[in-house]
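Chemist:
Residue numbers (my numbering): 57 to 195.
1) Have a look at the DSSP bridge pairing and note the partners of residue 111.
2) Within 10 angstroms of its Cβ, does residue 191 collect 16 or more other Cβ (buried), or is it exposed?
3) Could you check what DSSP says for residue 148 in three-state terms: helix, strand or coil?
4) So, for residue 146: in the same chain, excluding its five sequence neighbours on each side, which residues have a beta-carbon less than 6 Å away from its beta-carbon?
5) Going by beta-carbon coordinates alone, are residue 137 and residue 170 separated by less than 9 Å?
6) According to DSSP, is residue 178 helix, strand or coil?
7) My output table needs one value for residue 186: the three-state DSSP class, helix, strand or coil.
8) Residue 164: buried (16+ other C-beta within 10 angstroms of its C-beta) or exposed?
9) Going by the DSSP bridge assignment, what does residue 116 pair with across the sheet?
10) Between which two residues does the beta strand (DSSP E) harbouring residue 163 extend?
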């Protein structure tokens, strides 16, 4: 079947195509088995794509947290717009690491009650992502 067992007992061996040194103590012994790769592990902590999760709480007064997933390190800008599309607030761009559950907090103390749009723009090394959602400010 083409599968071979190799015994290694704390000495350098070149029975495999690549030499290795197993040195975990005099009583250590392991069996190396040669075969097929059936699966690979991926880094589950990194999301596959950009996703704007939303804001919490919603409705809010006067602060809310906007959550999103970043597949790569990116410069993130958040813009708050009124329903006519005019920018009423901008959060300065900040570099954020890749990962799920990244967040930016908004303090809307200077805005009046109403429904607002917020746009999250993430400019990474290879792509730029942008998504828009709504939030409600109640005072």
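Each residue gets a CB set at the ideal place from its N, CA and C atoms; glycine is no exception. The structure presented is a predicted model; accordingly, all values stated were derived computationally and were not measured.
Modeler: Quick look at the numbers:
1) Here residue 111 is taken as the residue at index 55 of the chain shown, counted from 1. Answer by DSSP bridge pairing, in chain order: 122.
2) Here residue 191 refers to the residue found at position 135 of the chain shown. Residue 191 comes out buried.
3) Position 92 of the chain shown, counted from the first residue, corresponds to residue 148. Strand, per DSSP.
4) Here residue 146 refers to the residue found at position 90 of the chain shown. Excluding residues within five positions, the ones whose Cβ falls inside 6 Å are 135.
5) Taking the chain shown and counting its residues from 1, the one referred to as residue 137 is at position 81. Taking the chain shown and counting its residues from 1, the one referred to as residue 170 is at position 114. No, the Cβ-Cβ distance between residue 137 and residue 170 is not below 9 Å.
6) Residue 178 sits at position 122 when you count from the first residue of the chain shown. Strand.
7) Taking the chain shown and counting its residues from 1, the one referred to as residue 186 is at position 130. Three-state DSSP puts residue 186 in a strand.
8) If you number the chain shown from 1, residue 164 lands on position 108. Burial call: buried.
9) Along the chain shown, one-based indexing puts residue 116 at 60. 193, per the DSSP bridge assignment.
10) Here residue 163 corresponds to residue number 107 of the chain shown, with the count starting at 1. Taken as a continuous stretch (DSSP letters only), the beta strand (DSSP E) holding residue 163 covers 155-163.
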